[in-house]
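> FYI, in numbering that gives the first Met the number 0 the residues of the sequence shown are 0 to 366. Just so it is clear, CB atoms sit at the ideal spot from N, CA and C, and this is done for glycine as well. This one's a predicted model, so the numbers in the text were calculated from it and none came from an experiment. Input: one structure, supplied below.
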Amino acid sequence: MVRKLWVGLLLFAASGAASSYSSLYFFGDSLSDTGNVFQATSLISAVTLGFIPVQPASPPYYQGRFSNGPVWTELVAQRLGMPDTARPAGMALGGLGSLPGTGNNYAIGGARTGFGGALGPLDSLIPTGLLAQTQFYLSQNGGVADPDALYFVLGGGNDLRDIAAITDPTAQLQSAAQAASYLAYSVFTLYNAGARNFLMANGPDIGFIPESIAAGRIEAGILASQYFNFYLDYYRNVLSAFPGVDIQYFDLFGFYNNIIVDTVAGGPTYGFTSLTPCITPGPGVPSCDQSVFFDSIHPTSRMHDLVGNAVADQIIASTGAVSSRFSDASISAAVHAPEPSTTIGCATVLIFLVVRQARKRKRLPEA
0 MVRKLWVGLL LFAASGAASS YSSLYFFGDS LSDTGNVFQA TSLISAVTLG
50 FIPVQPASPP YYQGRFSNGP VWTELVAQRL GMPDTARPAG MALGGLGSLP
100 GTGNNYAIGG ARTGFGGALG PLDSLIPTGL LAQTQFYLSQ NGGVADPDAL
150 YFVLGGGNDL RDIAAITDPT AQLQSAAQAA SYLAYSVFTL YNAGARNFLM
200 ANGPDIGFIP ESIAAGRIEA GILASQYFNF YLDYYRNVLS AFPGVDIQYF
250 DLFGFYNNII VDTVAGGPTY GFTSLTPCIT PGPGVPSCDQ SVFFDSIHPT
300 SRMHDLVGNA VADQIIASTG AVSSRFSDAS ISAAVHAPEP STTIGCATVL
350 IFLVVRQARK RKRLPEA
């Protein structure tokens, strides 16, 4: 059914892309959120006299980010000369109205690619997913999307964690297809409202996040990520055929895996030496400059720096119209993603290396 829907949306070949951008807009989850969840829970916590806590707690989290410092969206916005666009845009609160913001970042921590995700049983009252985020953006702009802006639509990490926990292979595959179709539909919704320039990314390999390693779900996480990315790539190809659209695609899966391979090898290229979360200092816990992960699912700010610079480099190279304001960023590095045919082989090697590293330390990373 999903396949028939998207085949029916095929139109004509894409024409030329815009050479510059009027603004930047971000949609996603906790990897992209710069304070929407923090502002919303701060308000709710005040109303409930602290019964519902502020999330993410600061400290140890940094000023409403799900990390120990700025996240990739902020670096990209700086590199492209529009830093204010990465500020929180606020969020819809269902029947309670909406929470205002000062920027164009609609990402909400915990969001899934559909309508819900962040609030669990309250999702039906206050939708937070990517589809809800795009609807909120359009509701603030008269249903019209700026055709000259660049739209970042990245998500699926939380869906992948859900999918990895599913034991039935058929249900796992169906859930991956649905999650990918929802993300693609957010892009279609924005396109239908006038947007023409997008940056999409595939899902990270959640098989190697500390949560998956500790739960013994490395292989399940890898499969979930591969299923999701297979379907998302299909939908991206469909969307790329729309008239006038320009879709840039960032290989987050390959990017993460290259760094993880380097990390378990001792960090000769990127300097990371551990996959153990650094959120709670203590004996045997690495510094956050040495670890890829801040907590059991979120990367450190240093990892965000790498992602942000790589994304910005790709955009700048693609458009040729935007020059970096931070050309001396020494943290930026060239990344060569593995070919699709080698993905399974690389995953097998990674499983061996990660498990060996964990056993060598006599404990798996704590969530």
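On the premise that S31 lies in contact with M81, defined as a C-beta separation below 8 Å, what is that separation, rounded to the nearest angstrom?
Incorrect: roughly 15 Å between the Cβ atoms, too far for contact.
> Could you check what DSSP says for Y248 in three-state terms: helix, strand or coil?
strand
> Which one or two residues does DSSP pair with A91 in a beta bridge?
S97
> Would you check if the distance between the CB atom of L231 and the CB atom of Y269 is smaller than 9 Å?
no
> G108 to D204, Cα distance in whole Å?
In a straight line, the C-alpha of G108 is about 18 Å away from that of D204.
> If you follow the alpha helix (DSSP H) that L137 is part of, which residue opens it and which one closes it?
Segment L129 to Q139, the alpha helix (DSSP H) holding L137.
> Alpha carbon to alpha carbon, what distance is there between L79 and G119?
One C-alpha to the other measures close to 35 Å.
> Please give the ranges of any alpha helix (DSSP H) in the segment 166-194, keeping only runs that are unbroken, at least 4 residues long and fully inside the region.
168-191
> Give me whichever residues DSSP pairs with V46 in a beta bridge.
Answer is none; V46 lacks a bridge partner.
> My understanding is that A198 touches I314, with C-beta atoms under 8 Å, so please give their C-beta distance in whole angstroms.
According to the sequence provided, residue 198 is Leu. The question's Ala does not apply to it. Between I314 and L198 the Cβ distance is about 7 Å, and since that is below 8 Å, they are a contact.
> Between which two residues does the alpha helix (DSSP H) carrying Y234 extend?
I217 to L238
> For V367, name the three-state secondary structure that DSSP assigns.
Residue 367 is absent from the structure shown; the chain starts at 0 and stops at 366.
> Pick out whichever of G155, S66, Q54 and F26 has its Cα sitting closest to the Cα of A88.
F26
> Roughly how many angstroms lie between the CA atoms of E338 and Q247, to the nearest whole one?
For E338, the pLDDT reaches just 31, beneath the cut-off of 50, and the residue's location in the model is therefore unreliable, although a value from the coordinates is still provided. In a straight line, the C-alpha of E338 is about 18 Å away from that of Q247.
> Can you tell me where the alpha helix (DSSP H) holding M81 begins and where it ends?
Premise fails: M81 is in no alpha helix (DSSP H) and is neither H nor E.
> Quick one: using the 10 Å Cβ neighbour count with 16 as the cut-off for buried, is N228 buried or exposed?
buried
> Please report the distance separating the alpha-carbon of G206 from that of Q171.
14 Å
> Closest to D161 by C-alpha separation, out of E210, Q77, I125 and N191, would be which residue?
E210
> P55: buried (16+ other C-beta within 10 angstroms of its C-beta) or exposed?
buried
> Could you pull the start and end residues of the alpha helix (DSSP H) that N196 belongs to?
Run containing N196: none in the alpha helix (DSSP H); it sits in the beta strand (DSSP E), N196 to A200.
> Can you find the residues in the same chain that come closer than 6 Å, C-beta to C-beta, to I208, ignoring five residues on each side of it along the sequence?
In chain order, I296 place their CB closer than 6 Å to the CB of I208, counting only its own chain and leaving out the 5 sequence neighbours on each side.
> Let me make sure I understand the geometry here. Which of F114, N140 and T166 has the alpha-carbon closest to that of L130?
F114
> Hey, how far is the Cα of V260 from the Cα of G220?
16 Å
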